[in-house]
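Residue numbers (our numbering), protein chains in the order written: chain A, 1 to 390; chain B, 391 to 780; chain C, 781 to 1170; chain D, 1171 to 1560.
Read the structure below first, then the notes.
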């Protein structure tokens, strides 16, 4: 119950090289905050821009030694491998379309990789990374943040323990509002790139948030999606990529599913919600109220489970930081992932079995890319398609 | 603000002939309670069973004159039309598969009809009733109960007034749990007939609750569905009819929709919920917490509208019975419909324009039947089909 | 599970004489609606005004026989006792300061009485009614509406069954907003009389809603209040009577309590909420969301009980009308009381033991009056006082 | 909108000496986590135990230089002032009864102090610290964590801007469950010391959580309490100090208040909730759902304000770290305070005016101690007492 607030000696921290943006970059700064919170990582090297001045300013802000501020990931790779005190892991938080090359390079060099989702924009690239990672056996993690929430893991553990009986149907929605407005108001940083296929990839809402929603269903149930039928919509006039998506899903074992995404739903901030329906109970969770998990039971009172209480499942209780009532939030969830990554990095070659909950790896990253690819195929045919394998 | 609790002189009430079951019949008894509450109807005649003894016991329980307790609707029709003090309206609350004949007969005789939903089980029959009702010009209402909730009407009025901008997407779910269990436990009255195609019709969850959910979308938006793609599922082993359905919908004006039904979702009692997404706001309502309506606004605070307050829309305020804070519930919603019906009956030939909110009529009833028919066609083809017209 | 919607033969209904207002009278009309809903009472006689014309109009609206429309309760009493088909019970819903005389007279004549709360405005009068009712042994009920909610009774039954361990502390609040505004805006019917000591009695918020809140604590726990310390406040400039009250309470068995009332709390419509704290659990209920009851458990998940489900306590399950998910509301709660009254009236002399849940009687009515009296004494002394006995 | 996640150069951080416990100490570890999160402080020296071995182990865990790990705060004070690279600020997170001496000593030496609440256990000591701090003009902050929540500050700003009209009544409750059980089960760290007057001070629930609740009312309204009437209760058998308290409060300007604390309320984890009632609106907030603020408006819809949206008040928007929908929690609130402290420390002598929201200082700390003292006096007299001034 002391996961992120436990006092960790500084010297047991991992040396991080960061590939991403500096000041003002949203997600990069969340990763940095989560690393500080979990207290197992020190940024010692980085590439923050291809512009030398911008890059140096950012590096200095992080107090990096001048010779470890690089203007390209290739240089960073080359120089760092040559150092005695080389980085232990690279964290890649660049825009989506700039993930592939650094991932490939650091994997080739045997340097562990932590990469933001979606892994890449192209399924062939994703498959190449999967094969490379397998061949190298190197640690490779993808930051599916929402799997770091204790009550999501509590749900997973309860499902596995049979608390809702046989899983029969899985529903997930991920609704946001930022795309409801005229995109030109958003500006370059605010999200307009998310409607640009060269940067965002071939799908809009599916690639952006559908991948999270999809990942959480496979995470919760332990079942793989085998088929899907997708409808990709542009409900906002002028959109290039889908702002809204409906996916019908079939999973192993005959489980059915429904996934709904929208970037154009006013009144929804970061509205990820799931409902897993079993033969005698349903589990519901909402990312905007992440501290509780609701169990609806056939003909009986509902149970409201709460993070930090004595009746949590052990797998979830192990990652709790604060007592019930003192809310944890988004940064703690990301911090939990980083804490798991630290455990995995510490374990070395046995990293996959070092933690109770599977680390979201390159295969999970690849499946997110496959989701986009299959959705486009299905939407074009207005029908069902097989879910692509690795 | 005194709709159902206002004191109505007894002599202004309509004389009702009831075709349905007596003691122990769930929905029939709700109709009777709603009629008492709204205080505009007196049951004076009825058919409650084909068994004379059962029928007489039921009729006596309602203090009917012995000569107005009938053992068949045909006899009731024949004798009542011959009376000076004949019934003003017939209320039909028999099982679904026994709606058509009495509807047809009373329409033919020019006697106003109030019929429970779904109208009938067969689209041709539904179309026949539509044509007959048109030809006769007689009052014909279908009890889509949920349109009687003040906050549903408030939502409708706000959408029409443009409060959420352009409607872009409509979502509705209707989840129940009774079918999650082994159906043989339910017994004849408890619901097992709902899985029998001869009684329930050709669909399960779609016909039973999908019709309500569908009706509410058309009611809220004033737009007709033009196309749909349905997936009818049996997630409970052994089910004959669909216990779960996913419908993708296209409406006039390019509005898209999603409708999800399940009779096998533990923890859900009567879980009808909608979310209507517009260009600058979303409206959400849940049947299990019917007193409030949530408006999510782009980038701003949510508004929680509440029945009975001064900022209700006039169309909705007009049907309120109790002040805010003194909850109204299901029977009030049904009572509101009956109060509207009384106004319509009072108006005679101009009944359609006698109330601010459209009375759910035989066309709406027919569309519910069309929904089942189209869903089956679509599911068989695994693709999109046109929504059938009258 | 069919309490109010069950089909009751008309001839088993009780004949009611009503003393109160007609068209437009709020509470009187709720009583009439609740009687219709529960279907056990017929209004056959009444006094609706001292003005003959107004009175006759009201009586005609209820279809009363002209000779049973009276212009004074004294005349009604005199004539009705002389009739073969005399009224079975009188329902008194006049303004507070006009309760005593009719109560006294009908009791003297041995006619059962149902009286709105507060019983009277004066403790001596209340005690006189208690003694008279005891001497006569006649049925006398006070309409503490909130004891008619199934989940309030469920809470009572759970407390009695020891589900929260030993009761240690009881909290209740009753907050409304109507008095926050300038009272002169409200007009005669809207509530301005509630700040007039000649009509409302010696207290404002305490007499108006504090009596309900107090009654519910004694009802839930079965413990009598023995001492209290009151602070009566006028937080709205210009108020004569208390618009806000804080009462600290001691109950038998060393249980402590806190009661907070306000008529000047914007955003609160009819905000009655309680929280009963025991040694291992807390029960919470809110009148504005009356269908659920929350049980907070020491170190464990919360339970949300819901009306109409299989895990209700039998005492509460017995008064349910609709299945879970089809909301009951305020009128059902009042209807439950009337249904209990009908059972009591049917039982005759053994009426007190004819129902599982105690009928709120003249003693409970008297205790509400005692609450006002003791609060005034305590507030004047700024200290604790004994709670007056009968 | 980037408060805690903004990238701050390491070299602009303040050097902290910590007086408190190491591994396993709950609150000390939260302070350390909040400092990491806000990224403006580096712990460089510390006293973690009077036992040299324990102390050294803790210091090493924080990678302190061996010569800056001290076994007494007196030694730390003596040696640090002599260093060129001396600490910029001392953070005191010892048990309550060990606050006074280090506060006094560091103030005397002119070293800024951050001290956990309650300030001390004795009012004379508190007054001495107030005078000393005034005389020295040194930065002195008390960690009233809950003032760091953005929506608490949003409430404060709305109240000041007149959004609810004139403040008329303030309610706050702070309910916990840990003390409901047999205290001997809790063990030394778990809370048994909280019932020991030598360690916890003269009050139990009042000193422990009532001080937070009281502070928040003064913080929100900007009004000082002038009088109170307290009831200190022991509802759990065997308790020495109050486990439950009811405080009636009078504030400047005729505002009334009610404060309720309990450490023995099963089902309540860290249940701090307030409701501020004005002439035309009420503001409500709950610590366990800290991301929203509810505004109830007279006769109108409720507004649900949410952290991170465009309609926040500027004072609150300035301290937000994550976008709406990505939850912030308890550590962010504490981090906000530390971020403010950093701004104050940076400002030097003008620290009080360096931030938009007042830093909780030694006077606020003293008022918490005064609350306990006055509560005891009032409870003994069963009546009202003046609130002591500095």
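Here a beta-carbon is modelled for each residue, glycine too, at the ideal position from N, C-alpha and C.
Following the DSSP letters along the chain, one finds residue 1420 of chain D inside the beta strand (DSSP E) bounded by residues 1414-1421.
With contact defined as three or more Cβ pairs closer than 8 angstroms, the region 1477-1488 of chain D and the region 1318-1336 of chain D are in contact.
An exposed status is given to residue 1032 of chain C, since fewer than 16 other beta-carbon atoms sit within 10 Å of its beta-carbon.
Bounds of the alpha helix (DSSP H) holding residue 372 of chain A are 362-381. At a cut-off of 8 angstroms between C-beta atoms, residue 427 of chain B counts as an interface residue with respect to chain C. The three-state reading of DSSP puts residue 117 of chain A in coil, since its state is none of H, G, I, E or B.
Annotation for residue 587 of chain B: 630 and 631 place their beta carbon closer than 8 angstroms to its own, counting only its chain and skipping 5 residues before and after. The beta carbon of residue 712 of chain B falls within 8 angstroms of a beta carbon belonging to chain C, placing the residue at that interface. Beyond the five residues adjoining it in sequence on each side, residue 1152 of chain C comes within less than 7 angstroms, by CB distance, of 981, 982, 983, 986 and 987 in the same chain, given in chain order.
Between residue 492 of chain B and residue 409 of chain B, the C-beta gap is smaller than 8 angstroms, which places the two residues in contact. Taking a C-beta cut-off of 7 angstroms against chain B, none of the residues of the region 874-900 of chain C qualify.
In this structure, D:1315 is the residue among D:1315, D:1208, D:1425 and D:1180 with its C-alpha nearest to the C-alpha of residue 1530 of chain D.
Rounded to whole angstroms, the separation of the alpha carbons of residue 1365 of chain D and residue 1479 of chain D is 42 angstroms. For residue 1340 of chain D, the beta-bridge partners assigned by DSSP are D:1427 and D:1446. In the three-state reduction of the DSSP assignment, residue 288 of chain A falls in the coil class, being assigned neither a helical nor a strand state. Annotated three-state conformation of residue 796 of chain C is strand, per DSSP. Under the Cβ distance rule, residue 1433 of chain D does not count among the residues neighbouring chain B, no pair being separated by less than 8 angstroms. Here the alpha carbon of residue 893 of chain C sits roughly 8 angstroms from the alpha carbon of residue 918 of chain C. Sixteen is the threshold: when 16 or more other Cβ atoms of the shown chains lie within 10 Å of the Cβ of residue 1347 of chain D, as they do, the residue is buried.
Residue 496 of chain B is positioned such that its CB atom lies closer than 8 angstroms to that of residue 480 of chain B. Rounded to the nearest whole angstrom, the C-alpha separation of residue 1488 of chain D and residue 609 of chain B is 44 angstroms. Assignment of beta strand (DSSP E) within the region 585-632 of chain B, counting only whole runs of 3 or more residues, yields 615-623 in chain order.
Pairwise C-beta distances place the region 346-365 of chain A in contact with the region 125-132 of chain A, as three or more of them are shorter than 8 angstroms. With at least 16 other beta carbons inside 10 angstroms of its own, residue 726 of chain B counts as buried.
In the assembly as shown, residue 551 of chain B is an exposed residue. Its beta-carbon has fewer than 16 other beta-carbons within 10 Å.
For residue 728 of chain B, the uninterrupted alpha helix (DSSP H) run begins and ends at 720-737, by DSSP. Following the DSSP letters along the chain, one finds residue 746 of chain B in no beta strand (DSSP E), marked with neither H nor E.
Under a 10 Å Cβ-count criterion, residue 1175 of chain D is classified as buried, with 16 or more other Cβ atoms of the shown protein chains found around its own Cβ. With a threshold of 8 angstroms between beta carbons, residue 544 of chain B makes no contact with chain D.
About 10 angstroms separates the Cβ atoms of residue 1071 of chain C and residue 1112 of chain C, ruling out a contact at the 8 angstroms cut-off. With a cut-off of 8 angstroms on Cβ pairs, the region 614-629 of chain B is in contact with the region 638-657 of chain B, counting three or more such pairs.
For residue 1475 of chain D, the nearest beta carbon of chain B is closer than 8 angstroms to its own beta carbon.
Straight across, the Cα-Cα distance linking residue 1268 of chain D with residue 1290 of chain D is about 8 angstroms.
For residue 306 of chain A, the pairing in a beta bridge is given by DSSP as A:292. Proximity of residue 1471 of chain D to chain B, defined by a Cβ-Cβ separation below 8 angstroms, is satisfied.
With its beta carbon less than 8 angstroms from one in chain D, residue 700 of chain B belongs to the interface.
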